[in-house]
Amino acid sequence: MASVPRQHTGILREENIALRQILGYRLGTLTSSPYRLPSIGQCLPGTCIKDVLLLGVDVDTGGGYEAISEEQSFHIGISIFDTRSLTKQPQDLGDAVKSYQFINNNSKPCRWAAKSFLFGESKLIELADLAASFLLLTQGRDYVLVAHGIDADIKFFNNLNPEIANGACYILDTVKAAQYPLQLYYRYSLESLLGEFNIRYAKLHAAGNDAHFALKALLMIAVRDGQMASAPETTTPIHQDLFRILDAIAHAPVAIPIWTEIPPTASHTPQTKPKLGIYAKRRLRAAVKAARRASQELPCTDESSEQGDHDDRDRYEAITGMPAYLATKGATVAFTRSVATDFALPRHSLTTQISQDIGIIMSLKMQSSHIQPGLIPSHSLHDAVAVL
């Protein structure tokens with residue numbers, strides 16, 4: 001049953017008004033906004049774009065965010081997009097977003113995050129020194145904090161150093177900002193948001209990667225917001241150039257290792273075959289021995305018989321009404337399946353030796369029907385086992 005849109009579907013939020021103010025589009029909606037306009041820096045010369053740093057942040061920890069200690073494992077991601085790059089488009093759009101990742105120890109979660117970080121080397125740092133590194137990255141510029149579900153990240157920064165969050169011109173949550181442009185009545189995960197915008201990603205939950213891709217998602221939220229049908233004022237060449245650049249930066253190629261998408265099969269590691277249990281082996285050996293003993297009691301075909309293979313095939317087909325090859329192959333399949341069932345064996349565990357033992361038993365069946373064992377083509381047994 002199709003879901004029914006709720007009353008708050010695609011509600012215009014304060015984050016949308018702030019984003020329009022920062023990037024200088026749909027400015028006519030600011031005066032009629034029900035929200036108080038935040039004070040976000042100065043405009044770049046000759047533009048309506050604010051001169052700020054958009055800082056994508058993400059914090060991952062195995063413990064809580066309310067209190068922090070050096071014993072906890074943290075990986076912290078910070079990605080930076082400078083709006084000044086919109087006035088002088090970089091030749092390499094991949095450099096427009098610069099990403100960093102910090103880890104505070106050599107624990108397993110931190111080692112995984114360092115291995116998974118797609119944008120350079122992680123830096124090992126004491127938590128007490130993180131605030132200084134943050135201020136070094138911002139270099140006295142006005143900045144806006146951006147994250148996907150930012151509440152937990154703000155708790156961490158407030159416990160670390162309240163000046164990090166207090167010094168931001170604005171705190172922007174992409175979860176809320178996506179509601180209006182995408183006309184959502186529920187909250188998208190970061191994976192869903194990136195999928196909606198066709199942004200290639202990998203190794204989320206490493207903090208540096210999450211910060212990077214959340215910031216790119218924000219740029220596409222602005223593009224989608226500006227290109228809505230209800231925004232005819234954004235069809236000017238200036239706005240179209242802005243959205244084209246933002247789109248290009250959001251979709252700039254990322255060096256994603258192939259193993260993040262299709263895990264490779266280690267060629268140097270031999271594939272181990274499933275092993276039979278000791279009781280299954282005993283029952284199988286007993287069945288083979290019994291079959292061999294039975295062969296001594298069955299009448300054997302006179303190998304010097306003047307009837308050739310052709311006559312045997314004709315007689316068999318006349319009696320059964322089916323070709324001898326299909327009959328032996330079908331019988332082999334049926335018998336092999338029965339052996340696998342009786343001895344609780346996975347069908348793929350039937351080895352070459354087991355196949356040979358089944359071949360002996362099938363020969364006995366042919367002998368008891370006065371059909372020469374040679375009628376069983378050597379490849380029919382392999383075909384029968386392959387069917388399994």
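By the count of UniProt numbering, the sequence shown reaches residue 388 at its end, each step adding exactly one.
From the three backbone atoms N, C-alpha and C, an ideal C-beta is built for every residue, glycine too.
Cβ-based neighbour list, Val153, same chain, cut-off 6 Å, excluding 5 preceding and 5 following: Here residue 153 turns out to be Asp, not Val, going by the sequence shown. Counting only Cβ-Cβ distances below 6 Å, and skipping sequence neighbours, we find Val57, Val59, Ala147.
Under the three-state DSSP convention, the category Asp92 falls into: coil
Taking the alpha-carbon positions, what's the Ala202 to Glu196 distance? 15 Å
Whether Tyr180 touches Leu37 by CB criterion (7 Å): no
Assuming Glu15 and Asp173 make a contact with CB atoms under 8 Å, what is their CB distance in whole Å? 6 Å
Determine the closest residue to Arg84 out of Ile278, Leu118, Thr47, Ala214, with distance taken between C-alpha atoms. Thr47
Spatial neighbours of residue 438 in its chain, beta-carbon cut-off 7 Å, leaving aside the 5 residues before and after: Nothing in the structure corresponds to residue 438, since the chain is present only between 1 and 388.
Span of the beta strand (DSSP E), counted from its first residue to its last, around Asp210: No beta strand (DSSP E) holds Asp210; the alpha helix (DSSP H) holding it covers 207-226.
Secondary structure at Gly10, three-state DSSP: helix, strand or coil? coil
Rounded to whole angstroms, what is the Cα-Cα separation between Thr31 and Tyr185? 25 Å
Compare the C-alpha of Lys155 against each of Thr29, Ile68, Asp51, Ala255 and name the closest. Ile68
Could you name the residues that DSSP lists as bridge partners for Val59? Ile76
State yes or no: is the C-beta of Ala287 nearer than 6 Å to some heavy atom of the ligand ZN? The ligand content of the structure shown is nil, which means the ligand ZN is not present either.
Pull up the distance between the alpha-carbon of Asp92 and that of Gly277, whole angstroms please. 60 Å
Given a cut-off of 7 Å, decide if Ser107 and Ser79 are closer than it, judged by their beta-carbon atoms. no
Using the beta-carbon count (16 or more within 10 Å), is Asn209 buried or exposed? buried
Can you tell me which of the three DSSP states Lys50 falls into? strand
Quick check on the burial criterion: 16 or more other C-beta atoms within 10 angstroms. Buried or exposed for Ser99? buried
Can you list, in chain order, the residues of its chain whose CB lies under 8 Å from that of Ile22, leaving out five sequence neighbours each side? Ile40, Ile49, Lys50, Val52, Leu54, Thr83, Val144, Tyr170
Under the three-state DSSP convention, the category Ser85 falls into: helix
Nearest to Gln101 (by Cα), restricted to the options Gly94, Lys88, Ile125: Ile125
Beta-ladder partner(s) of Asp173, from DSSP: Ala147
Helix, strand or coil for His268? Go by DSSP, reduced to three states. Its pLDDT being 41, under 50, His268 is placed unreliably by the model, and the measurement read from it follows with that caveat. Looking at His268 - three-state DSSP - the assignment turns out to be coil, as it is neither helix nor strand.
So Ala252 packs on Met220, CB below 8 Å; how close in whole Å? The pair is not a contact, with the Cβ atoms about 12 Å apart (cut-off 8 Å).
Contact set for Thr87: own chain, Cβ-Cβ below 7 Å, skip 5 residues either direction: Leu44, Thr47
Per DSSP, the bridge partner or partners of Ile103: His75, Leu124
Using 10 angstroms around the beta-carbon of Lys216, count the other beta-carbons present and answer buried if the total reaches 16, otherwise exposed. buried
Report the three-state DSSP secondary structure of Val97 (helix, strand or coil). strand
Could you check if Leu246 is buried or exposed, using at least 16 other CB atoms within 10 Å of its CB as the buried criterion? buried
Applying the criterion that 16 or more other CB atoms from any shown protein chain within 10 Å of the CB defines a buried residue, is Ile256 buried or exposed? exposed
Cutoff 7 Å; reference Arg187; Cβ partners in own chain excluding five residues on either side: Val175
Would you mind stating whether Ile76 and Ala214 have Cβ atoms separated by less than 7 Å? no
Could you give the distance in angstroms between the alpha-carbon of Lys123 and the alpha-carbon of Ile103? 6 Å
Report the residue from Ser116, Ala168, Arg283 whose alpha carbon sits nearest the alpha carbon of Phe134. Ala168
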